[in-house]
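Here the structure is laid out as structure tokens; the discussion comes afterwards.
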Amino acid sequence: MALSSLSVWLDATRPKTLLLAVAALLCGNSLAAAQGHFSPAVALLALLTALLLQILSNLANDYGDVRKGTDNRHRLGPQRGLQQGRISLTAMRAAIGVTLTLTTLSGIALLWLARPSLTVLLSFMALGVVSVLAALAYTLGAKPYGYRGLGDPAVLIFFGWVAVGGSYYLQSHQFQWAILLPATASGLLAVGVLNLNNLRDIDNDRACGKLTLAARLGPTTGRWYHLLLMVASLLGFTAYALLTARSAWGWLFLLAAPWLLAHAANVLAAQKAQSLAPMLALLAKIALMTNLLFAIGLLADR
């Protein structure tokens with residue numbers, strides 16, 4: 040019974056999507072390490088904070104969608120514990136509170152360890168508050184931004200610019216505009232996972248008033264948008280390589296290009312929304328592989 044309950048809660052965290060946080064932090068920390076700035080402790084705490092923040096968002100997302108009736112029997116995605124009644128709303132609220140507390144403590148420990156200047160410290164504290172609010176407000180509240188098609192830019196900002204750029208800064212204590220190129224590239228891969236999720240559930244979302252960007256674009260344009268995300272991600276990594284690569288190692292990420300483009304082609308060719316479901320986990324793995332190859336290339340190119 041205890042193992043069954045643990046499995047339900049583990050599923051509620053959406054472990055397959057957590058690869059996106061790992062990918063973003065891998066990208067940011069490798070950018071700093073390639074320039075001679077790396078603290079294993081800062082890297083681990085940054086990863087822990089990012090994972091907790093994503094888990095907080097996933098739990099809050101489930102809670103908000105169930106309360107609004109969006110997670111219903113017509114939804115094509117996997118049924119999670121809250122939707123099945125195996126987790127109560129009260130228990131989920133408690134879990135959100137515990138995760139919020141752990142996220143806050145981890146973030147404070149990270150800033151204490153990184154020891155930025157006072158101005159930067161206050162900026163990161165404000166950024167942390169905004170990140171938490173964004174995690175909660177995606178489906179919670181009277182006007183959740185996830186229901187108004189703003190989830191895609193939010194994912195780009197927090198899984199790209201904040202996660203990659205923030206982890207880079209906490210390691211290096213400096214900022215370079217060029218870092219926004221791989222940060223954007225990494226973030227666009229995370230947007231792709233969200234877009235697939237929304238394409239899969241486009242009909243049910245529309246019926247429930249959840250007007251995601253995919254719901255606004257429609258299934259056909261949404262698939263072409265997905266191709267654009269994959270190509271733009273590759274272009275972001277490529278632009279950074281053009282600026283910084285000193286050898287072929289700096290282009291190692293291109294080994295992931297065939298998988299990304301084949302994935303995008305499969306999304307375009309998919310006739311039914313159900314066929315998109317297995318592609319979510321696959322894209323999360325491809326995103327991790329792309330960022331890993333980029334990181335290895337950066338370090339080998341030093």
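Each number in the numbering used here corresponds to the 1-based position in the sequence shown with 39 added. All residues carry an ideal CB built from backbone N, CA and C; glycine is no exception.
| request: Check the C-beta distance from residue 226 over to residue 263 and give it rounded, since I have them as a contact under 8 Å. | output: Distance from residue 226 to residue 263 at the Cβ level is roughly 19 Å; contact not present, criterion being Cβ atoms closer than 8 Å.
| message | On the criterion of 16 or more Cβ atoms from any shown chain inside 10 Å, does residue 272 qualify as buried, or is it exposed? | response | By the 10 Å Cβ count, residue 272 comes out buried.
| message | Does any residue of chain C have a CB that is nearer than 8 Å to the CB of residue 130? | response | Absence of chain C from the displayed structure is noted, only one protein chain being present.
| field | Where the alpha helix (DSSP H) through residue 298 begins and ends | value | Annotation: the continuous alpha helix (DSSP H) that includes residue 298 extends over 296-308.
| said: Pairs of beta-carbons, one from the segment 203-222 and one from the segment 62-72, closer than 8 Å: are there three or more? | reply: For the pair of segments examined, the segment 203-222 was found to touch the segment 62-72: the number of CB pairs separated by less than 8 Å reaches three.
| In whole angstroms, what separates the C-alpha of residue 53 from that of residue 169? | If you draw a straight line from the Cα of residue 53 to the Cα of residue 169, it comes to about 22 Å.
| task | Give the range of the alpha helix (DSSP H) segment to which residue 251 is assigned. | result | Premise fails: residue 251 is in no alpha helix (DSSP H) and is neither H nor E.
| request: For residue 289, collect the residues of the same chain with a Cβ closer than 6 Å to its Cβ; drop the 5 residues on either side in sequence, then sort them by chain order. | output: Around residue 289: 280, 336 and 340.
| request: Note the first and the last residue of the continuous alpha helix (DSSP H) segment covering residue 191. | output: 190-194 is the extent of the alpha helix (DSSP H) around residue 191.
| Between the Cα of residue 98 and the Cα atoms of 249, 179, 310 and 207, which residue gives the shortest distance? | With distances taken between Cα atoms, residue 98 lies closest to 179.
| request: Measure the alpha-carbon distance for residue 261 versus residue 224 and round it to whole angstroms. | output: When the Cα atoms are used, residue 261 and residue 224 turn out to be separated by approximately 19 Å.
| Any idea if residue 75 is buried or exposed, counting beta-carbon neighbours within 10 angstroms, 16 or more meaning buried? | When all chains shown are included, residue 75 counts as exposed.
| request: Verify whether the separation of the beta carbon atoms of residue 105 and residue 123 is less than 8 Å. | output: The answer is no: Cβ separation not under 8 Å.
| request: Compute the distance between the beta-carbons of residue 322 and residue 230, then report whether it is under 8 Å. | output: Between residue 322 and residue 230, the CB-CB gap reaches or exceeds 8 Å.
| query | Are the segment 146-157 and the segment 76-95 in contact at 8 Å, needing three or more beta carbon pairs? | reply | Under the 8 Å Cβ criterion, the segment 146-157 counts as touching the segment 76-95, having at least three qualifying pairs.
| message | So, for residue 194: in the same chain, excluding its five sequence neighbours on each side, which residues have a beta-carbon less than 6 Å away from its beta-carbon? | response | Result list for residue 194: 229, 230 and 233, in chain order.
| Given 8 Å, three or more beta-carbon pairs between the segment 153-167 and the segment 123-141 | Taking 8 Å as the limit for Cβ pairs, the verdict is that the segment 123-141 does not touch the segment 153-167.
| Close Cβ partners of residue 203 (< 6 Å) along its chain, the five nearest in sequence each way excluded | Result list for residue 203: 63, 66, 67, 222 and 225, in chain order.
| query | Is DSSP giving residue 320 helix, strand or coil here? | reply | Looking at residue 320 - three-state DSSP - the assignment turns out to be helix.
| query | Hey, which unbroken runs of the alpha helix (DSSP H) at 4 residues or more fall wholly within the segment 89-146? | reply | Fully enclosed alpha helix (DSSP H) runs of no fewer than 4 residues occupy 120-123 of the segment 89-146, in order along the chain.
| So, using beta-carbon positions, are residue 130 and residue 93 closer together than 8 Å? | Contact: no.
| Which stretch, first to last residue, makes up the alpha helix (DSSP H) that contains residue 265? | DSSP places residue 265 inside the alpha helix (DSSP H), whose first and last residues are 258-283.
| task | Compute the Euclidean distance between the alpha carbons of residue 42 and residue 325, then round it to the nearest angstrom. | result | Caution applies to residue 42, whose pLDDT of 44 falls short of 50 and renders its modelled position unreliable; the value that the coordinates give is listed next. Their backbone Cα atoms lie some 30 Å apart in a straight line.
| field | residue 141 versus 304, 90 and 127, residue with shortest Cα-Cα distance | value | Residue 141 has its Cα closest to that of 90, out of 304, 90 and 127.
| said: Do residue 147 and residue 51 have their beta-carbon atoms positioned less than 8 Å apart in this structure? | reply: No, they are not a contact pair.
| Beta-carbon gap between residue 100 and residue 207 smaller than 8 Å | With contacts defined by Cβ atoms closer than 8 Å, residue 100 and residue 207 do not form a contacting pair.
| field | Per-residue burial, residue 269 [other beta carbons within 10 Å of its own, 16 or more giving buried] | value | By the 10 Å Cβ count, residue 269 comes out buried.
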